[in-house]
Amino acid sequence: MRIVLLGAPGSGKGTQAKLLVEKYKIPQMSTGDLLRAEVVAGSELGKKAKAAMDAGQLVSDDVVLGMIQARLSKPDAKGGFILDGFPRNIPQAQSLDAMLARLGQPLQLALLVDVDTDVLMKRLTGRRTCGSCGAIYNIHFSPPKTSNKCDKCGAALQHRSDDNEQTVGSRLKVYQQQTAPLVNYYKAQGKLRTVRGVGAVGAIFKNVTDIIESQIRPLADVMVKIESAAARQAAKAKAAEAKAKAAEAKAAAAKAAKAAEAKAKVAQAAKAKPPMKKAAEKKAIPKAKPKTRVVIKKPAKPAAKAKPKKVK
Ligand code: AMP
34 MRIVLLGAPG SGKGTQAKLL VEKYKIPQMS TGDLLRAEVV AGSELGKKAK
84 AAMDAGQLVS DDVVLGMIQA RLSKPDAKGG FILDGFPRNI PQAQSLDAML
134 ARLGQPLQLA LLVDVDTDVL MKRLTGRRTC GSCGAIYNIH FSPPKTSNKC
184 DKCGAALQHR SDDNEQTVGS RLKVYQQQTA PLVNYYKAQG KLRTVRGVGA
234 VGAIFKNVTD IIESQIRPLA DVMVKIESAA ARQAAKAKAA EAKAKAAEAK
284 AAAAKAAKAA EAKAKVAQAA KAKPPMKKAA EKKAIPKAKP KTRVVIKKPA
334 KPAAKAKPKK VK
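In terms of this note's numbering, the sequence shown opens at residue 34 and continues consecutively.
Given below as structure tokens:
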């Protein structure tokens with residue numbers, strides 16, 4: 034299943050995403066988590082993103098899109114994914130649609146976790162996250178059993194640097210201005226469903242899974258049927274093509290064998306009879322006449338005149 038979780042910072046969509054990962058065994062892709070990991074690693078990308086994150090502003094689209102594209106092309110994304118914190122504005126949503134269209138895996142559901150703004154403030158400033166296993170607590174609503182320690186793994190809890198009152202105010206403003214318009218974007222595509230994000234986490238999760246089961250499951254079943262019928266059809270076509278190719282090869286081999294046989298026959302016949310033409314040709318060739326040599330005689334030298342004898 035391919036889902037986008039929409040909701041203001043502090044709406045609890047991250048918590049719901051983690052529960053969905055456990056239930057459906059598909060990866061959660063949180064651009065916030067990916068960016069925080071880059072900041073911790075001190076990478077160039079992290080350095081670029083940190084200033085915007087600390088100010089409660091959005092990190093530039095090209096940085097986030099590059100990151101999400103790389104994440105979506107990993108093999109574990111083939112079985113589906115839960116996008117958490119992405120897209121954050123209309124251009125990101127349009128780019129996501131284009132990416133998924135190229136992969137032939139369109140989004141199936143945009144689920145809005147809806148919480149009133151005054152509740153969000155308390156949730157965000159009171160939020161604490163386990164630095165080791167990622168479990169989320171709230172010092173006002175769901176504190177850990179031991180102060181500042183994770184109930185699950187005992188690691189120290191962390192207060193995100195962007196969960197202070199001033200930054201939270203900016204983040205909520207940015208959400209209203211840039212992210213809230215996505216509600217209408219997905220409504221227009223017929224993919225939006227809303228769940229109230231207040232009350233017990235388990236009760237919210239029940240509503241979330243009810244929506245998923247009713248929205249995606251029937252569609253997924255139909256898709257499985259369509260895909261297996263298409264696969265059967267493709268296999269049939271491939272078998273027919275292979276059969277045709279084999280027949281073609283057989284015909285070509287038979288033709289070649291026939292041609293070789295004919296050639297061999299001709300050669301045999303030629304061996305049996307001496308070639309007539311050659312004998313006739315031999316007869317017809319006239320013997321060359323011996324060439325007559327033309328000898329040019331040099332004119333004989335006139336006899337030397339006898340010198341008159343000297344009279345003494
Ligand atoms: P989050 O954990 O989702 O609340 O994100 C924390 C911060 O990371 C945000 O306030 C932004 O600065 C940044 N961020 C997370 N996701 C995106 C996104 N899709 N586009 C731009 N900035 C983001």
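From the three backbone atoms N, C-alpha and C, an ideal C-beta is built for every residue, glycine too.
Asked                                                                                                                                                                                                       : Found
Please indicate yes or no: does the CB of residue 92 lie closer than 7 angstroms to some heavy atom of the ligand AMP?                                                                                      : yes
Taking DSSP as the reference, what is the three-state secondary structure of residue 265?                                                                                                                   : helix
Please list, in chain order, all residues of the same chain as residue 100 whose beta carbon is under 6 angstroms from its beta carbon, the five residues on each side excluded.                            : 67
For residue 61, write down the residues that DSSP places opposite it in a beta bridge.                                                                                                                      : 115
Please classify residue 119 as buried or exposed, where buried requires at least 16 other C-beta atoms within 10 Å of its C-beta.                                                                           : buried
In chain order, what residues of the same chain lie with their CB nearer than 7 angstroms to the CB of residue 183, ignoring the 5 residues before and after it?                                            : 163, 165, 166, 168, 177, 190
Kindly examine the ligand AMP and report whether one of its heavy atoms sits closer than 7 angstroms to the Cβ of residue 64.                                                                               : yes
Let's test the definition: count the other Cβ atoms within 10 Å of the Cβ of residue 102 and tell me whether it reaches 16, buried, or not, exposed.                                                        : exposed
How long is the line joining the alpha carbons of residue 241 and residue 273, rounded to whole angstroms?                                                                                                  : 47 angstroms
Just tell me which of 181, 225, 304 has its CA closest to the CA of residue 38.                                                                                                                             : 225
Quick one: complete beta strand (DSSP E) runs, 3+ long, within the segment 201 to 248?                                                                                                                      : 225 to 229
On the CB-based measure, 16 or more other CB atoms within 10 Å of its CB, does residue 260 come out buried or exposed?                                                                                      : exposed
Quick check on residue 46: does DSSP put it in helix, strand or coil?                                                                                                                                       : helix
How long is the line joining the alpha carbons of residue 40 and residue 122, rounded to whole angstroms?                                                                                                   : 12 angstroms
Helix, strand or coil for residue 107, going by three-state DSSP, please let me know.                                                                                                                       : coil
Please state the DSSP three-state secondary structure of residue 52.                                                                                                                                        : helix
Tell me where the alpha helix (DSSP H) around residue 36 begins and ends.                                                                                                                                   : Taken as a continuous stretch (DSSP letters only), residue 36 belongs to no alpha helix (DSSP H), being part of the beta strand (DSSP E) at 35 to 39.
Pull up the distance between the alpha-carbon of residue 61 and that of residue 51, whole angstroms please.                                                                                                 : 7 angstroms
Starting from the C-beta of residue 231, find all residues in its chain whose C-beta is less than 7 angstroms away, skip the five residues before and the five after it, and write them out in chain order. : 148, 152
Grouping DSSP H, G and I as helix and E and B as strand, with all else coil, what is residue 152?                                                                                                           : helix
Quick test of your reading: residue 126 and residue 218, contact by CB under 8 angstroms. State the CB separation rounded to the nearest angstrom.                                                          : 5 angstroms
My guess is that residue 96 and residue 82 are in contact by the Cβ rule of under 8 angstroms, so how many angstroms apart are they, rounded?                                                               : 6 angstroms
State yes or no: is the C-beta of residue 89 nearer than 7 angstroms to some heavy atom of the ligand AMP?                                                                                                  : yes
Kindly indicate which residue of 187, 54, 43 has the alpha-carbon position closest to the one of residue 34.                                                                                                : 54
Helix, strand or coil for residue 169? Go by DSSP, reduced to three states.                                                                                                                                 : strand
Run through DSSP, which three-state label would residue 162 get?                                                                                                                                            : strand
Just reading off the alpha helix (DSSP H) that residue 87 is part of, what are its end residues?                                                                                                            : 77 to 87
Could you tell me if residue 46 is buried or exposed, where buried requires 16 or more neighbouring beta carbons within 10 angstroms of its beta carbon?                                                    : buried
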